[in-house]
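Counting with the working numbering, you get residues 166 to 249 for the letters of the sequence shown.
Using N, Cα and C, we set each Cβ at its ideal position, and we do this for glycine too.
Please read all numbers here as calculations on a predicted model, not as lab measurements.
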Amino acid sequence: MKVSLERIPLHVIWLGLFPVLALLSSNLGQVRPTIGYRALALSALLALVLLVLFRLILGDWSRAGLLTSVGLLLFFSYGHVYNA
166 MKVSLERIPL
176 HVIWLGLFPV
186 LALLSSNLGQ
196 VRPTIGYRAL
206 ALSALLALVL
216 LVLFRLILGD
226 WSRAGLLTSV
236 GLLLFFSYGH
246 VYNA
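What follows is the structure, given as structure tokens:
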């Protein structure tokens, strides 16, 4: 079965990278940008692993992308919700 790149929801990767990039950009005067490479790689890897895992469970790229996006939003916003 051939999978078209157009069917894979790549927004999930950007959603996984955004919190790390936002944190780095707000603290540029305090840290070197090279510090974030490991965090960026781990965040992108987490997003891809979740996407593929949900794809295997659900059988659909769109639903897997939606569920991964919700999961990443909950994961990265946990501290804000917990403190509120």
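Own chain, CB closer than 7 Å to residue i, minus 5 neighbours either side, in chain order
{"i": "leucine 182", "result": "Leu205, Ser208, Ala209"}
{"i": "tryptophan 226", "result": "Arg172, Ile173, Pro174, Arg220"}
Cβ pair residue i, residue j closer than 7 Å
{"i": "leucine 180", "j": "serine 242", "result": "no"}
DSSP-derived helix/strand/coil call for residue i
{"i": "leucine 237", "result": "helix"}
{"i": "alanine 249", "result": "coil"}
{"i": "isoleucine 200", "result": "helix"}
Contact belief for residue i with residue j at Cβ below 8 Å, rounded distance in angstroms
{"i": "leucine 223", "j": "alanine 229", "result": "5 Å"}
Cutoff 7 Å: residue i Cβ touching any chain C Cβ
{"i": "phenylalanine 183", "result": "No chain C appears in this structure, which consists of one protein chain only."}
Contacts around residue i, its chain only, beta-carbon distance under 6 Å, and the 5 residues preceding and following it disregarded
{"i": "leucine 188", "result": "none"}
{"i": "proline 184", "result": "Phe241"}
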